[in-house]
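Reviewing the structure listed below.
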Amino acid sequence: MRSILILILSFLITSCDNSYNPTVVSARKEASDIGVEIMKNGGNAYDAMIAVHLALAVVHPTAGNIGGGGFFVYSDSDGTSGTLDFREMAPGKAYKDMYLDKNGNVIPDMSTLGGAAVGVPGSISAIFEIHSRFGSLPIEELFMPAIRLAKEGFIVTDKQSSSLSGKLDDFILINGDSSLYSKKYYKGDTIKNEAFAETLSKISKNGPKAFYEGEIAEMIVNEVIESGGIMTIEDLKNYKSIWREPVRFKYKELDIISMSLPSSGGILLGQMLKAIEDYDISSYGHNSLKAI
897 MRSILILILS FLITSCDNSY NPTVVSARKE ASDIGVEIMK NGGNAYDAMI
947 AVHLALAVVH PTAGNIGGGG FFVYSDSDGT SGTLDFREMA PGKAYKDMYL
997 DKNGNVIPDM STLGGAAVGV PGSISAIFEI HSRFGSLPIE ELFMPAIRLA
1047 KEGFIVTDKQ SSSLSGKLDD FILINGDSSL YSKKYYKGDT IKNEAFAETL
1097 SKISKNGPKA FYEGEIAEMI VNEVIESGGI MTIEDLKNYK SIWREPVRFK
1147 YKELDIISMS LPSSGGILLG QMLKAIEDYD ISSYGHNSLK AI
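Note that this note's numbering numbers the sequence shown so that position 177 is 1073, with each residue one more than the last.
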């Protein structure tokens, strides 16, 4: 089976006809290697995608996570395609003007920092939805590489050190000075996250309910409320990711499949490509002034 999967535009996986030559592209080599290994061990592209997403949650959380959400677009060789909307949802107590003061002005940072900025996460729901529909290996096998990576640690890159340093004051402001990321990390340092490994292990063994209804859910809600948020256990319990029809359009001889609403990306992509469809872009030269 040949499948191309895109998740939050953070990585791409192709399971080739020759099962010994799978290809994985992601934000971190550790995650890509895990995806390749999953497919070499008999997993399909969907299995690899899940394992890569979980590995990125350990080594590069802005590209993969369990506390956020995203969009999933797939296309199979049998002609079927679709999307999964697992974006974060506003808590049930959210209201229209919650980020405005009494004069109608935006309260600085309220929508980006602290508990009030946190939406109900969808990533774990998506992982189990995708696995139940497309997965071939046991879910525990897909969680295990990320659990091992969190326990054994990963090496901080130069770019990651710079990125973490840029947010250090925010980490300390919101989480205090004793959390894992409330210290400065340098290129070559090793980060181990035993607590996250334990969290992943619980979810792996007990399924999505472990995240949305159990002890983990209580910890999330308590932390959000303590930081000024309004999320409840019911918000987590009621979360559901949604399968949607994709946006479809043609660009010259290509059939393009992309994410539909509530994402604007697929629609805008179609509009942009249609706007340039009649131009011979390939003749302009790569990075030429005319092409740009």
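Glycine included, each C-beta is placed from N, C-alpha and C at the ideal position. Because the structure is a prediction, the values reported are computed rather than measured.
Query	Result
Which of helix, strand or coil DSSP assigns to residue 1051	strand
Residue span of the beta strand (DSSP E) that contains residue 1146, given as start and end	1143-1147
Segment limits, beta strand (DSSP E) that includes residue 972	967-972
Three-state secondary structure assigned by DSSP to residue 1154	strand
Exposure label - residue 954; buried when at least 16 CB within 10 Å	buried
Residue 1129 versus 1110, 1139, 1123, residue with shortest Cα-Cα distance	1110
At least three beta-carbon pairs within less than 8 Å, the region 934-952 to the region 977-993	no
Spatial neighbours of residue 934 in its chain, beta-carbon cut-off 6 Å, leaving aside the 5 residues before and after	943, 944, 947
3 or more residues per run - each beta strand (DSSP E) lying fully within the region 946-997	967-972, 977-981
Selection from 1028, 1160, 1046, 1149 that minimises the alpha carbon distance to residue 1076	1046
Inter-residue spacing [alpha-carbon to alpha-carbon] between residue 1040 and residue 1097	8 Å
Between the CA atoms of residue 924 and residue 993 - distance to the nearest angstrom	39 Å
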